[in-house]
Amino acid sequence: MAIETKDVTPASSIARWHTFSAEEVLDLLESDPNQGITNQEVSARFERYGANELIEKAGRSSLRIFIDQFTNIMLVMLMAVAVVSAILALTKPIPEFPKDAVAIFSIVLLNGILGYMQETNAEKALAALKRMSSPKVRVIRNGNISEINGKELVPGDIMLLEAGVQVAADGRLLEEQNLQVRESALTGEAEAVSKDAKLLLEEDASLGDRLNCVYQGTEVVQGRAKVVVTKTGMLTELGKIATLLQDVENEDTPLQQRMTQLGNVLVSGSLVLVALVVIVGVISKGTGAFGELLETSLSMAVAVVPEGLPAVVTVTLALGTQRMVKRNALIRRLPAVETLGSVTTICSDKTGTLTQNKMVVQGIRTGLHSLQVTGHGYAPTGEFSILGSSNTDPAFAVNNIPEVQQLLMACVFCNDAILQQKNGEWIIIGDPTEGALLVLAAKGGCEASEWQHRMPRIFEVPFSSERKRMSVLVQGEYGGHVLFCKGSPELTLECCTHIQIGDQIHELSGEQRQHVLAQNNELASRGLRVLGFAYRNLNELPEDGITINDESNLTWVGLVGMFDAPRPEVREAVKRCREAGIRPVMITGDHQLTAKAIAVDLGIAREGDHVLTGRELEKMSAADLDHEVNQVNVYARVSPEHKLRIVQSLQRQHQFVAMTGDGVNDAPALKQADIGIAMGITGTDVSKEASDMILLDDNFATIVAATEEGRVVYTNIRRFIKYILGSNIGEVITIAAAPLMGLTVPLLPLQILWMNLVTDGLPALALAVEPAEPNVMQTPPVDPRENIFARGMGMYMVRIGIMLAIITIAMMVWAEGYTTTHTFGGTYAPERWTTMVFTTLCIAQMGHAIAIRSNTQLTIELNPMTNLYVWGSVIMTTVLQMVLIYVEPFRVFFGTHLLTATELAVCFGFSTLMFVWIELEKLVIRWWMWQRQS
Numbered sequence: 002m003a004i005e006t007k008d009v010t011p012a013s014s015i016a017r018w019h020t021f022s023a024e025e026v027l028d029l030l031e032s033d034p035n036q037g038i039t040n041q042e043v044s045a046r047f048e049r050y051g052a053n054e055l056i057e058k059a060g061r062s063s064l065r066i067f068i069d070q071f072t073n074i075m076l077v078m079l080m081a082v083a084v085v086s087a088i089l090a091l092t093k094p095i096p097e098f099p100k101d102a103v104a105i106f107s108i109v110l111l112n113g114i115l116g117y118m119q120e121t122n123a124e125k126a127l128a129a130l131k132r133m134s135s136p137k138v139r140v141i142r143n144g145n146i147s148e149i150n151g152k153e154l155v156p157g158d159i160m161l162l163e164a165g166v167q168v169a170a171d172g173r174l175l176e177e178q179n180l181q182v183r184e185s186a187l188t189g190e191a192e193a194v195s196k197d198a199k200l201l202l203e204e205d206a207s208l209g210d211r212l213n214c215v216y217q218g219t220e221v222v223q224g225r226a227k228v229v230v231t232k233t234g235m236l237t238e239l240g241k242i243a244t245l246l247q248d249v250e251n252e253d254t255p256l257q258q259r260m261t262q263l264g265n266v267l268v269s270g271s272l273v274l275v276a277l278v279v280i281v282g283v284i285s286k287g288t289g290a291f292g293e294l295l296e297t298s299l300s301m302a303v304a305v306v307p308e309g310l311p312a313v314v315t316v317t318l319a320l321g322t323q324r325m326v327k328r329n330a331l332i333r334r335l336p337a338v339e340t341l342g343s344v345t346t347i348c349s350d351k352t353g354t355l356t357q358n359k360m361v362v363q364g365i366r367t368g369l370h371s372l373q374v375t376g377h378g379y380a381p382t383g384e385f386s387i388l389g390s391s392n393t394d395p396a397f398a399v400n401n402i403p404e405v406q407q408l409l410m411a412c413v414f415c416n417d418a419i420l421q422q423k424n425g426e427w428i429i430i431g432d433p434t435e436g437a438l439l440v441l442a443a444k445g446g447c448e449a450s451e452w453q454h455r456m457p458r459i460f461e462v463p464f465s466s467e468r469k470r471m472s473v474l475v476q477g478e479y480g481g482h483v484l485f486c487k488g489s490p491e492l493t494l495e496c497c498t499h500i501q502i503g504d505q506i507h508e509l510s511g512e513q514r515q516h517v518l519a520q521n522n523e524l525a526s527r528g529l530r531v532l533g534f535a536y537r538n539l540n541e542l543p544e545d546g547i548t549i550n551d552e553s554n555l556t557w558v559g560l561v562g563m564f565d566a567p568r569p570e571v572r573e574a575v576k577r578c579r580e581a582g583i584r585p586v587m588i589t590g591d592h593q594l595t596a597k598a599i600a601v602d603l604g605i606a607r608e609g610d611h612v613l614t615g616r617e618l619e620k621m622s623a624a625d626l627d628h629e630v631n632q633v634n635v636y637a638r639v640s641p642e643h644k645l646r647i648v649q650s651l652q653r654q655h656q657f658v659a660m661t662g663d664g665v666n667d668a669p670a671l672k673q674a675d676i677g678i679a680m681g682i683t684g685t686d687v688s689k690e691a692s693d694m695i696l697l698d699d700n701f702a703t704i705v706a707a708t709e710e711g712r713v714v715y716t717n718i719r720r721f722i723k724y725i726l727g728s729n730i731g732e733v734i735t736i737a738a739a740p741l742m743g744l745t746v747p748l749l750p751l752q753i754l755w756m757n758l759v760t761d762g763l764p765a766l767a768l769a770v771e772p773a774e775p776n777v778m779q780t781p782p783v784d785p786r787e788n789i790f791a792r793g794m795g796m797y798m799v800r801i802g803i804m805l806a807i808i809t810i811a812m813m814v815w816a817e818g819y820t821t822t823h824t825f826g827g828t829y830a831p832e833r834w835t836t837m838v839f840t841t842l843c844i845a846q847m848g849h850a851i852a853i854r855s856n857t858q859l860t861i862e863l864n865p866m867t868n869l870y871v872w873g874s875v876i877m878t879t880v881l882q883m884v885l886i887y888v889e890p891f892r893v894f895f896g897t898h899l900l901t902a903t904e905l906a907v908c909f910g911f912s913t914l915m916f917v918w919i920e921l922e923k924l925v926i927r928w929w930m931w932q933r934q935s
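Residue numbers for the sequence shown follow the working numbering, so the first one is 2 and each next one is one higher.
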C-alpha cells in the first residue's frame, strides 16, 4: 500500500490510519515513540491544527428568536388591527383610551413569550460532547512524561493509556498490553473491545472493527498502551459527530406545520371576506359609510384569529407531558407530545434499548450434550435443560453430567469479576462477560466465593490479544493443582489433546474436533459470543513457574454461548407497534449475526430477511438506499454517519421517524429524527440533550405507551380546534351580515377577544383532557402530511359556523325589533340587542362544547364522570358571562347592557338550538352508517 508523503497534512488528509503499520504512522507524523515531539513542534502543530476541542457554530441569538415569534401571519394581522384600532380611538372627536388595541397587543405579546420559551431550550448536546473530549492525559514530549489537558494534544503526540482513563484524541496503537477499551458510546457494542497494535486492517473496516486504533471519548477498561495521536478536535470521530449534530436542521413538527397552514388559510379567508364586506358596503351605502365599514372589518379580523389557540395548544401539550411522565417518558420539547401520534417508523439501537445491556449465558455445549439455560439479567436464578432429552428435571443436567460441573468450576476460577446484590438488585463489578459466567455458575449451584476459598488461585496468565486466552492455576481441593483455561474456542481447542465425556477422559480425535467446531459455529450463527473451556491436572509444578507453554495437553470441557439478552417486555411492545401500523427497525453497531438473532427473536425481522451492514451501506448511493430502506429492518456494523443517512432516507420516503439510542454515536440521528428518544438510565448526556424525549426506565415498551398518549393528544387538539374555529366562523359571518342588513356592528373587538380567550379557551382546555378512544392503538398512524382540515374537519367547521351564524342572525333580527319597542326598567336602550347577540354566541358555544365530546355518541350516552372538566368549564364560563352583563364595572369596560329576564331567556333558548343541531347530526351519521352496513 502506498504511503502518502510527509508534505501532506497528516491529520486532515489520511482517513484510514488503521491500514498503516505503527512504523509508517510514526514516519508520516514525524514522531518518535520514546521521545515524542519537541515543545517547538508542539507549538507549530498547535498553530496548524488548533486546540483539541469541539467548535460550535453560531446559532440564532435570543433577540432573533424573540423577534421571530412575531412573524406569524396571524399575529402580524392582529398587530395591524391593533394599530388601526388605536388610531381610530385616538382620532375620534372625543379621543378614547384605546383599550381594544391594548388588549390585542397584550395577547400578541403573551403568544410571543410562550413561543420564545419553547424555542430557547439551550442546545446542550455539544456541551456534553465537549465534556467527553477534554480529560487529563499523560504524554511523552522531549523524552519526558508529563500530564497535560486534553485540549493541548496535537497530532504526533505520544499518549500513554491505562485502565480507567478516557481517551483524549484519536490515535494509532504503537504497543499494548492486554488492552481492552469500552467503545459503546461510539459503536453501540455492549462489551469491551480487545485491541491489537500489530494488526493491519482493510481500508473499509468499520469503526467497531478497527482494533489497532483508539478513539476520543472512549474508556480504557483494562491493560495499558502507547498511542500516537493521529486526529484532534473536529477531525476526530467525536468531532465528526459534533459536525453532524450542528449540520442537522430543526424542522417544524407536523402540528407546527398544520398551525402555520391554518394561519395562512384564516388570514387569507378573512382578508377576502373583509374586502367583500367593504366593497359591497361602499356600493350599497356610499363612501360615507367607510368608517363604519372599517370598524366592521376590524371586528371581523379579530374574530377570525383564534387568539386563545396557541395558549390552549401549549397547555394541552404540557398536560400530555405530565401524563407521559407517569408512564416513564420525559418530554423535553413540547411539540414532541403530539408528534408521537404520527410516528410510522421506530429506529431503535440494540444495546440497552431492545436488550438489557447485560451479557447472559443462553447455551452450553459439551462432548455429548447440548444444554439450554434460562434466566434474565444478573439474577442467579434459572434452569438448565438438556435439549432432546426426555428428562425434564432441571437439576439433572447439572448434578448428573460431570463435564458440566467441571465447566462451571472453570467459569468461577477463570474470572476476575464480582457478583453481588445491592439494594435488592444483582450487579456485576468487572467485565460483563466474566459476570455472565459467574451468574451461570451460581445458577448451577457453584458459588464463586465458596469455591475460590476452597481452591485458592496461585497464579494467572492474563488474557492477551495474541493468545486470546486466560489461564489460572488453582490449588486442588484434595492435593495437586489444576490449570483452568478459557478463551477463543478455536485457539483453546488447539491446545487440547483430550476431551472429558462424563467422568472419563478420552483422547481428542479429529472427528471430535470437527464436532466442537461445528458446535461453535452453531452458537455463533445465533449471534452468541462463544467461549471455550479446558483444564489440566498438574501434580507437580514446574520449577520456573507456570508460563504460556504450560497451556498444552489440555482437556476439553465445553463451550458457553452468551449474548446481551432482549428485554422480556420488548416482544409485546414490538407486537403492539405492528398492530398500530408502526414499523420497528434495528440500527446497531454490533455484529450482523448478533443483530439478526435479536431482531428475529423480538419479531422485528424474519429468518430470511437481509441484514444491511455499514460496509454495504457506504457503497450505496442515496437512490439505492432509498430503494432499500423500505425492505430492510436490521442494520448492523453502522457508524454515526450511516445512522443519519438511514433516518434521512426514511424521511425521504415520507416516513415519520422516531429514533431511539443511548450512545454518543446516536446523537446526530436522534436530532435528525422527527422524534429523538434517549435512554434515561444508560444514555449519555450527549444523547439526552440531542433528544426530544427520554425514557426514564430505558424500556422500549414505554415508547408504545408514549405513542398512545401522543395519539390521544392529537385527537383532542383536533377536537378543540374544531370547537374554536367552528365558533369563530359563526362570529365572522354574524359580524359580516350585520352591516349588509343595515345594522351596526353587533360585537366590539374587546367582546370578540373575550369570546376567543375565555368562552372558547376554558371549554377547549377541558376538551384537551378527554380520555382515549378504545381503539386508539388499532388504527394506522396519522399521516404527518395530513391537512389540518382533513377527514371532514374542514366541512364540520364550516357547517357548524354557518348554523351558529343562522341561529344568531335569526335572534339578532328578532332582538333588534324587540329592544326598540321595549324598555328596561323604564329606560330606553335599543342597543341591548348587541348584548343579546354577544350572549347568544357565548352560550351557544357552551352547547357546542358539551356535544363535541364525541362524533358519534349522543351526549346522553356518554358518562359525564369521564370528563368533569367540560361541565365545570361550561358552568364557569356561563357565570362569567353573566358577570359581564350584571356587574357594573365589567359591564362598563366590555360595553354590554343590562338584559331583562325575558331577553336572557330568549338568548338561552336560541343558544340551545346549537346543541340540538349537533345531536341531530350524530343521529343522521348513525343512520347513514347503518344504511351502508346493511
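Here a beta-carbon is modelled for each residue, glycine too, at the ideal position from N, C-alpha and C.
Since the model is a prediction, treat every value here as computed from it, not as a measurement.
Report back the beta-carbon spacing between Gly533 and Leu560 to the nearest angstrom; my notes put them in contact at under 8 Å.
6 Å
Span separating the alpha-carbon of Ser553 from that of Ser472:
11 Å
Can you find the residues in the same chain that come closer than 7 Å, C-beta to C-beta, to Lys100, ignoring five residues on each side of it along the sequence?
Leu751
Going by the beta-carbon positions, is the gap between Val635 and Ala659 smaller than 8 Å?
no
The stretch 352 to 364 in contact with the stretch 561 to 572 per 3-pair CB rule at 8 Å:
yes
Going straight from the alpha carbon of Glu832 to that of Thr841, what length do you get?
15 Å
Rounded C-alpha distance that separates Phe464 from Glu176
16 Å
Can you have a look at Ile506 and say buried or exposed, based on whether 16 or more other CB atoms are within 10 angstroms of its CB?
exposed
Any chance the stretch 133 to 148 sits against the stretch 92 to 108, with 3 or more Cβ pairs inside 8 Å?
no
List the whole-angstrom C-beta distance separating Val875 from Met847, where the pair is believed to meet the contact cut-off of C-beta under 8 Å.
5 Å
Is Val155 closer than 8 Å to Ser147 when the C-beta atoms are compared?
no
Enclosing alpha helix (DSSP H) for Ser524 [first to last residue]
Ser is not the amino acid found at residue 524; the sequence shown has Leu there. Counting along the chain, the alpha helix (DSSP H) containing Leu524 begins and ends at Gly511 to Ser526.
For the stretch 695 to 703 against the stretch 770 to 783, do three or more pairs of beta-carbon atoms, one drawn from each stretch, fall closer than 8 Å, so that the two count as touching?
no
If we ignore side chains and look at the alpha-carbon of each, how far apart do Thr703 and Glu709 end up?
10 Å
Which term fits Lys327, buried or exposed, when burial requires 16 or more other beta carbons within 10 angstroms of its beta carbon?
exposed
Same chain, Cβ closer than 7 Å to Ile753, neighbours up to 5 away in sequence not counted
Ser300, Val303, Ala304 and Glu732
Please look up how many angstroms separate the CB atoms of Thr244 and Asp171, rounded, as I've assumed it's under 8 Å.
Actually they do not touch by this definition, with Cβ atoms about 14 Å apart.
Close beta carbons around Gly445, own chain, < 6 Å, minus the five adjacent residues each side:
Val399 and Leu409
Could you give the DSSP three-state label for Lys351: helix, strand or coil?
helix
From Gly480 to Ser450, what distance separates their C-alpha atoms?
20 Å
Jot down the residue ranges of each uninterrupted beta strand (DSSP E) in the stretch 415 to 498, minimum 3 residues, whole runs only, in chain order.
419 to 423, 426 to 430, 458 to 462, 470 to 476 and 482 to 488
Considering only C-alpha positions, which residue in the set Met915, Gln258, Ala816 and Arg572 is nearest to Leu905?
Ala816
Identify the continuous alpha helix (DSSP H) that holds Phe98 and give its terminal residues.
It is not in any alpha helix (DSSP H) - Phe98 carries neither H nor E in the DSSP assignment.
Contacting residues, own chain, Cβ-Cβ under 8 Å from Asp417 (five flanking each side not counted)
Gly431, Asp432 and Glu435
Taking buried to mean at least 16 other C-beta atoms within 10 Å of its own C-beta, is His655 buried or exposed?
exposed
Going by DSSP, name the residue or residues bridged to Asn145.
Arg142
Test: Leu277 CB closer than 8 Å to a CB of chain D
Of the chains in the structure shown, none is chain D; there is only one protein chain.
So Val215 and Val166 are in contact, right, with Cβ under 8 Å, and what is the actual spacing, rounded?
So it is not a contact: roughly 11 Å between Cβ atoms.
Run of the beta strand (DSSP E) containing Leu176, from where it starts to where it stops
Position check: residue 176 holds Glu in this sequence, whereas Leu was assumed. Where Glu176 is concerned, the enclosing beta strand (DSSP E) stretches over Asp171 to Arg183.
So is Ile88 buried or exposed if we call it buried at 16+ other beta carbons inside 10 Å?
exposed
Given this structure, state the Cα-to-Cα distance separating Gln632 from Arg584, to the nearest angstrom.
11 Å
Rounded to whole angstroms, what is the Cα-Cα separation between Ile810 and Ala852?
22 Å
Distance between Leu726 and Met796 (C-alpha atoms, nearest Å)
11 Å
Please return the same chain residues whose Cβ sits closer than 7 Å to the Cβ of Ser728, not counting the five positions on each side in sequence.
Asp761, Leu805, Gln846 and His849
Where does Thr356 fall in DSSP's three states?
strand
Just to confirm, is the Cβ distance from Val1 to Leu318 under 8 Å?
No statement about residue 1 is possible, as the shown extent of the chain runs from 2 to 935 and does not include it.
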